[in-house]
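Protein chains in written order, with UniProt numbering: chain A, 1 to 379; chain B, 1 to 379.
Where a beta carbon is used, it is the ideal one built from N, C-alpha and C, also for glycine.
The structure displayed is predicted, hence computed values, not measured ones.
Remarks on the structure that follows.
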């Protein structure tokens, strides 16, 4: 490649290191020499990719840490939760991407089209940004019905209009039958981060109140309920929704929220563990305060799952300074997507990086990062 | 979905209609009613997706026109060539996405990692923007070697550093064996469009000079040469490269270039037909002026292909006002990626929307948009 500009693009300004999850080491690394290439920190137990690498838990983190971060530089670790926040032309932008490979394409309460919009819109919202523009890349499998593609596109377009975001650019590729699964969708999104808003786990301090916006585990159980003949007596409908409006209502109370996270793959357990690890604080939950619908609890009991590890798609968890917690909770409960918001715990100085739950029986258990995944291809 | 904000996000400003390829009709369309859903303009000949829908030719355009545009609104037609240009927080941004499904993952002169960077960087460059940040979404097939994923990631990271763009955010999904092909990659990119630069086919006027930056057909033939035992005696190396620097050199001569296009899928023929159709001018080429390397010409002769329909990945075609053409050509030839730049034709008033080539024998032939694709999964 003759072109070897090593500086940043004009107008692009990397944020100071403390604004990123990790300092960006990408700019100074020499080009790799492939001739004698070996993985610098091999995933010894996994010479091949397994389904668990896509689960959003410890194995996904391992893939990022050992494979992607060394190749790209540190900032890509934002994959572990947030959108990136970047400066461009004087504007502070949130920028995020997600690929969607959910099976089936249509499920109670939504579709891959809804997920493709809401997943990325929510990633931006977790940095305080209202999504403005989406890109949309389709990978279609040869033989999929055109009407199915059109249904997905209609659902995606409708979800975009509902979330107030414009699909600005797109791309379509087709792969041979047997190399896809009907429709895969990638979206990337950009949005403005409002003045004074700085949401990231490093801002969490002991005493912060942990609030969840509503019942957990619903999206994951909804997908399980329609796959492979699993039925739980009642239909459970995915909570898939765009959270931009709820976040705006919370920021209207105070721009000084500390961190927001949408507990998708890996569930509430993964989201809280990532925040605890990145902030260096501990987290204590009151297990009885966590809203778990009876249908989700029953399904998880049957399947031997922990509802805290089940994926959500229309929920968020917030770490809020104690003095603002009551007002933020009240504002959330006035929003249709936060009606069942609840305080579930707090950040503490003890056991930094660890999440524990006080059980109903007076005991304490460690809430761990899930290792692989409970259910592949949930989003 | 309870959240139904129909307005644009704060800070987001849709460009005036003449700045987009087509006016955006998305904001005012009512939400579709799925209950009685039928495709409003069915693809009667193709109830199922076939490989040709991914080829970047007439069938791809049909999919966009009949399926994606009605669902998303008009702007997504930018898929047919350019990045979108959007206003956000006062900044004029180019925004683009591409998915990459090339087979094999590594080929002479590059890899899917190089394509994933250069493809998106070049889409932004075609609107005059220097890429600042990329997102990167992987869809991995269960069973792919972790070392292969790492090699792709290293190549992607190296290409990003070479192009001066930062991988800011990412995502990884895993699908079961038999539902992917090792590694698929999506990238989206954002970059600033410089003051005074406005590159789009609608600005083309009769008299504009058509310049190509170098030899055509090289990337496509390089992929063919390593797939399925096709060999042409000499190794042909892909020209895959990031064009941001070349475009900067051209814009330094004058910001008043009319349109740039990278002739990827569908080749030079598709790029010129799209420009002719969107600008409402005709294009006349001097066939003998088009630089086709002998190895490409030979391979195309053997395979019965038209070099003008073969994909490129490190080339661009420019429509330049006649008064600046000599200076722009000279600047291109001084850049390593434009050394073989050549004037190949001009825009004319005659036969609007049509591209014709004057042959070496004094005849004239129509250069048509390819219908499907010559070679699936070339990028």
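Query	Result
Cβ-Cβ distance between residue 288/A and residue 360/A below 8 angstroms	yes
Any C-beta of chain B under 8 angstroms from that of residue 171/A	yes
Within 8 angstroms, strictly: CB atoms of residue 310/B and residue 191/B	no
Under the three-state DSSP convention, the category residue 67/A falls into	helix
Contact between the segment 49-63 of chain B and the segment 139-157 of chain B (3+ Cβ pairs under 8 angstroms)	no
Proximity test, Cβ basis, 8 angstroms: residue 122/A and chain B	no
Distance between residue 54/A and residue 357/A (C-alpha atoms, nearest Å)	26 angstroms
Interface residues of the segment 132-154 of chain B facing chain A [CB-CB below 8 angstroms]	132, 133, 135, 136, 137, 138, 139, 140, 141, 142, 143, 144, 145, 146, 147, 149, 150, 151, 153, 154
Whole-angstrom distance between residue 99/B and residue 83/B, CA atom to CA atom	14 angstroms
Selection of the segment 44-55 of chain A by Cβ proximity to chain B, strictly under 9 angstroms	46, 47, 48, 49, 50, 51, 52, 53, 54, 55
Presumed contact (8 angstroms Cβ cut-off) between residue 189/A and residue 124/A, rounded CB distance	5 angstroms
Selected residue, minimal CA-CA separation from residue 68/A, among 369/B, 277/B, 172/B, 242/B	172/B
DSSP bridge partner residues for residue 186/B (one or two, in chain order)	99/B, 137/B
Beta strand (DSSP E) segment containing residue 144/A, residue limits	It is not in any beta strand (DSSP E) - residue 144/A carries neither H nor E in the DSSP assignment.
For residue 266/A, the nearest candidate out of 163/A, 72/A, 307/A (CA to CA)	307/A
Residue 152/B, DSSP secondary structure in three states	helix
Inter-residue CB distance, residue 379/A and residue 115/A (contact presumed, cutoff 8 angstroms)	5 angstroms
3 or more residues per run - each beta strand (DSSP E) lying fully within the UniProt domain "PurM-like C-terminal" (206-351) of chain A	209-212, 259-261, 282-286, 317-320, 342-348
Residue span of the beta strand (DSSP E) that contains residue 87/B, given as start and end	84-88
Secondary structure of residue 169/B, DSSP reduced to three states	strand
Start-to-end residues for the alpha helix (DSSP H) that takes in residue 359/B	It is not in any alpha helix (DSSP H) - residue 359/B carries neither H nor E in the DSSP assignment.
Residue 247/B burial status per 10 Å Cβ neighbour count (16 or more: buried)	buried
Residues near residue 351/B in its chain [Cβ-Cβ closer than 8 angstroms; skip 5 each side]	282
Pairwise C-alpha distance: residue 204/B and residue 252/B	19 angstroms
Cutoff 8 angstroms: residue 213/A Cβ touching any chain B Cβ	no
Proximity test, Cβ basis, 8 angstroms: residue 179/A and chain B	yes
Nearest residue (CA-CA) to residue 202/A, options 148/A, 150/A, 258/A, 160/A	258/A
Short CB-CB distance (under 8 angstroms) between residue 190/A and chain B	yes
Member of 278/A, 290/A, 254/A whose CA lies at the smallest distance from the CA of residue 268/A	290/A
Any C-beta of chain B under 8 angstroms from that of residue 89/A	yes
Residue of 118/B, 226/B, 345/B, 214/B minimising C-alpha distance to residue 108/B	226/B
Reference residue 207/A, options 368/A, 346/A, 330/A, closest by Cα	346/A
Contact list for residue 72/B against chain A, beta-carbon separation under 8 angstroms	136, 153, 156, 157, 160, 167, 170
Partner residues on chain A for residue 97/B, Cβ-Cβ distance less than 8 angstroms	135, 136, 137, 169, 170, 171, 186, 188
Coarse secondary structure for residue 93/A, derived from DSSP in three states	strand
Bridge partners - residue 117/B, DSSP secondary structure assignment	In the DSSP output, where bridge partners are listed per residue, residue 117/B has none listed.
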